[in-house]
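Residue numbers (my numbering), protein chains in the order written: chain P, 8 to 616; chain E, 8 to 616.
Ideal Cβ placement from N, Cα and C applies to all residues, glycine included.
Data first, discussion second: the structure below is written as structure tokens.
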């Protein structure tokens, strides 16, 4: 027999830190002896009696120090400062009648402290924790303090709950979470990759994955059938607005599955997530809208359907117009659309309309923004209306339901996408100033956008590129068009899920046949040599019994942001980077010794300051 | 009102791929019309009737094609090859009496196929999927085929179940999973980092985390109290044996917690994991052993306690020995130990003992391996015994329980660690040849090793280094020794959890006081400037109310390997790299265009072949 230290209890530390959390005690516990630990939220002296609000992750409890109980502790309690870390022991007591705090779960009781232990002192924080107006850079530099706020604690707790609900749901549905490599290969035709030099293979590089796309497809070839992963992904993009160089996605792929089955699966998942995060039951199935409809009616492939403000076709009205711009577009089969911002006339002065015009010019490179404003009791004000015939005006007013108080905005271009780009954004701005968004702040409007185009012609590259990615499946009924080279007509079995005008995620049924995949590469101008170099393993895998498969990926950070009602993804990420990719708390990234670089066979070409 | 495509059902694909899995149908389903999809496992022609074993992720079902039902399908079924992907429709029928397959869950039924659809043809695989002797490089190159084997499917399913059980358990215990950055800072005093050049910050680099150590401590300062993460970690080491450049760890950290509370938490977690993976109830609490005991008695800080073969102290016996090596060590307060390999004499020839000696010389740089072999009916055979006095021999035999048939192995050195290194490994080899390991193959022997030394003197660096890491807390009772500069005497509040001689993980209670952390840096030779450069944010965080905290990390890959009974971590990782850090399937890492390097301000210094 081996002789071991017989009783683990002999290793027990002399004390435990607490018997209860600061959210736990209730009148039923009165009389009990308890130990609590946490941070000093506030302390105040009322005639020699010290009241400390003690805070931990779960809540707040009022602690009372009186000289009768412990004179020494009371003296020390008087000196406590906010954010000091303490441990107290005492008896649970009822608060004096009239001093209960109904807002606090523990508000009916207090602890009469008999003992105080200061575990760690705190300096005065560089900013008041509960001030929402503190500069974000300062909050990011002291992120560990910022994370103590109710707001951030709530967000991170809800993020955990959402991710747990997601995993539970997918596990229930028979999906296996499988980890794929972070040290992987460059993404062909993706955004810019982050590179990692290899020390064991001089002159070569790993890339951090932009998505586990190929691995998840290979897991289908491997017969795992139902895969998911809450996967960290990376894109080295210029960080505009609300982007992060690393982000997390809910990555799902399955075999022997149809597009509608995937959509139904994801609807159920979102139902569970929003139940968990908000306690609401979102109705399913979500409505479906084709890409063509979304673009035509709302000027967006992720339309916000909480309000109308639909775009209306006008090309037929202006076929013989005196307004040359419209006539030439209408004549050549182009697109003329308008939307009616009902009741916006009083909200938009001439100066403001001028600013809107400037905005569409700089933001979208548009030539201008045609409008007609009709103030109550006034005339049509517009730089273009003088070119319209009476018949055109009548037809326009009728079709648009144009009335006094309204403003019409126009878009005209040979390409729908160009009209949609401008009017889609003008639509959102109109909704904003009309208060339509504020009125529907709490509405959750889900939508599937389907039937995306498979291919788009890229004038810069002078060839067709994949709208989604090169592995996306063409719709069966559009295969003849693909064969015939009528690429613009080919739709993909691809779908995006949209919430309140924000794209939550997208996916597609994939190509699983080697021949079709090879054909697709040819269409995309990927020659045999490049195929061999970048896709040999995938094409080879497809020749050994690849099942039909498809999937979807949802951006977790954005989903959590919307689910918890945060303003930015930085509010749902524990340690986000700023828009230069820097972590202000740890000062990452940093310079490293040239010897470290030499070890991985690279040198820096950056100019020294 | 918005007009949307009214009924999602109109988007439904024309067919679903299957109504049941290949593991699902039973005699109760006889007569039902079903559709199945999967891979052809085998097909055979019995007098014109074709029997196909159809396989999917869940199991196998026998499909029967007969000309009476569908002549055309039967002709095609005849031509099917292994790994072809098919969809079949047919009726569930009872197998003929005597042809049932009791080994198969679906073995009492078969499907009489009325329809066959070949979804994808398969080329002949480059190796037979069920041959365990296939070269690993080939299996890794065609990993998507290797993953189709029962063995790998089982491992990945169990890995998923284990990870799910871990998350469920920690969630139940109130822990929040919080993601920390992958693009982070170099690890001070760690292994070699993987570097990622920053494009937005020329000349600077991110490092991939070796562990989320500082982030998890900062989350404690942030008041999140109970954190965990199944975290991807990275180490750019030379890949010996069973290592991977990226690995996954169960990372746990909590505030207001004692070492024993953490250990109890982890015991519960392992209990749940082994219940899930093996259906066994492992007894808790685990025994505890101090580092000093483990080294003294078993020559290892992760002793395998499934067998004895303890090391025994002999220094007092050889204080005046004629054998100079022993005498001088014993005289100077050094360590002399031996272990008795009971019954090993018949298993170890003189040549084999010679080989063992060679092995300890090359592997550990030992000067030799002293032994005494006592064959049944023979004399003591040994190069050293001639120097021993009769009294020494008697004392030795008595203390070691030395008998005919046994072999004694000796170690002598001024340092315990040197003796332990050799005899610890000799002990394992003895257990192996004596069949002690084989006999206890299925035993799960868990152990906590505690009271590790805090510091070790590094002759190369000529200063003291942290045994665990610089944030580890000294034991309260050893604080006087730390103050007095008696660093060798200071023990850490650090603990490792060991299973069958394999370290599953380790952790510690951390330093949470700025002053003590600064003192520790001084002891470790980290001057004020370096502290400022590398640890400023941590030291600053400690000054704003850091709670007492501690944690642990367990290597997930190794844990899963042991739980499922795999031989290598590569068998529980979907896409592992080989021992040169290469993914043989995707040929990662790769050369990249110099323009891509220029964009991130680096150039390659590798010599071109």
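In terms of residue numbering, what span does the beta strand (DSSP E) encompassing residue i cover?
i                     : result
residue 470 (chain E) : 470-473
residue 101 (chain E) : 92-101
residue 190 (chain E) : It is not in any beta strand (DSSP E) - residue 190 (chain E) carries neither H nor E in the DSSP assignment.
residue 212 (chain P) : 212-214
residue 253 (chain P) : 253-262
residue 303 (chain E) : That residue, residue 303 (chain E), is in no beta strand (DSSP E); its alpha helix (DSSP H) goes 298-305.
residue 556 (chain P) : 556-562
residue 239 (chain P) : 233-241
residue 326 (chain E) : Where residue 326 (chain E) is concerned, there is no enclosing beta strand (DSSP E), given that its DSSP letter is neither H nor E.
residue 420 (chain E) : 414-420
residue 72 (chain P)  : 67-72
Can you tell me which of the three DSSP states residue i falls into?
i                     : result
residue 335 (chain E) : helix
residue 481 (chain E) : strand
residue 502 (chain P) : strand
residue 460 (chain E) : strand
residue 380 (chain E) : strand
residue 119 (chain E) : strand
residue 39 (chain E)  : coil
residue 141 (chain P) : coil
residue 14 (chain E)  : Unreliable positioning characterises residue 14 (chain E) in this predicted model, as indicated by a pLDDT of 33, which lies under 50. The coordinate reading is nonetheless provided below. Looking at residue 14 (chain E) - three-state DSSP - the assignment turns out to be coil, as it is neither helix nor strand.
residue 369 (chain E) : helix
residue 582 (chain P) : coil
residue 569 (chain E) : helix
Name the two residues that bound the continuous alpha helix (DSSP H) containing residue i.
i                     : result
residue 160 (chain P) : 157-179
Kindly indicate which residue of the options has the alpha-carbon position closest to the one of residue i.
i                     : options                    : result
residue 151 (chain P) : E:605, E:547, E:579, E:307 : E:547
residue 124 (chain P) : P:91, P:108, P:116         : P:91
residue 321 (chain P) : P:573, P:33, P:337         : P:337
residue 260 (chain E) : E:251, E:253, E:272, E:250 : E:272
residue 367 (chain P) : P:491, P:612, P:433        : P:433
residue 26 (chain E)  : E:94, E:512, E:105, E:223  : E:94
residue 642 (chain P) : P:226, P:466, P:475, P:454 : In the structure displayed, chain P extends from 8 to 616; residue 642 (chain P) sits before or after that span and is not available.
residue 178 (chain P) : E:167, E:531, E:186        : E:167
residue 63 (chain E)  : E:156, E:222, E:143        : E:156
residue 565 (chain P) : P:555, P:302, P:578        : P:578
residue 391 (chain E) : E:418, E:201, E:378        : E:378
Cβ closer than 9 Å: which chain P residues qualify as neighbours of residue i?
i                     : result
residue 603 (chain E) : 193, 199, 200, 202, 212
residue 44 (chain E)  : 262, 263, 554, 555
residue 609 (chain E) : 202, 204, 604, 609, 610, 611, 612, 613
residue 171 (chain E) : 174, 175, 178, 184
residue 439 (chain E) : Result: empty, since nearest Cβ-Cβ is about 19 Å, beyond 9 Å.
residue 598 (chain E) : 210, 211, 212
Given that a residue counts as buried once 16 or more other Cβ atoms are within 10 Å of its Cβ, and exposed if not, what is residue i?
i                     : result
residue 468 (chain P) : exposed
residue 448 (chain P) : exposed
residue 309 (chain E) : buried
residue 427 (chain E) : buried
residue 21 (chain P)  : The predicted position of residue 21 (chain P) is uncertain, since its pLDDT is 42 and thus under 50; a value taken from the coordinates is nonetheless stated next. With fewer than 16 other Cβ atoms within 10 Å, it is exposed.
residue 262 (chain P) : buried
residue 137 (chain P) : exposed
residue 265 (chain P) : buried
Name the chain E residues that come within less than 7 Å of residue i, Cβ to Cβ?
i                     : result
residue 164 (chain P) : 183
residue 489 (chain P) : Those within 7 Å of residue 489 (chain P) in chain E number zero; the least Cβ separation is about 18 Å.
Using a Cβ cut-off of 7 Å, pull out every chain P residue sitting near residue i, in sequence order please.
i                     : result
residue 207 (chain E) : 587, 588
residue 579 (chain E) : What residue 579 (chain E) touches in chain P: nothing, since even the nearest Cβ is about 10 Å away.
residue 519 (chain E) : 127
Output, in chain order, the set of chain P residues within a Cβ distance shorter than 8 Å of residue i.
i                     : result
residue 476 (chain E) : The contacting residues do not exist; residue 476 (chain E) stays about 17 Å from chain P at best.
residue 25 (chain E)  : 263
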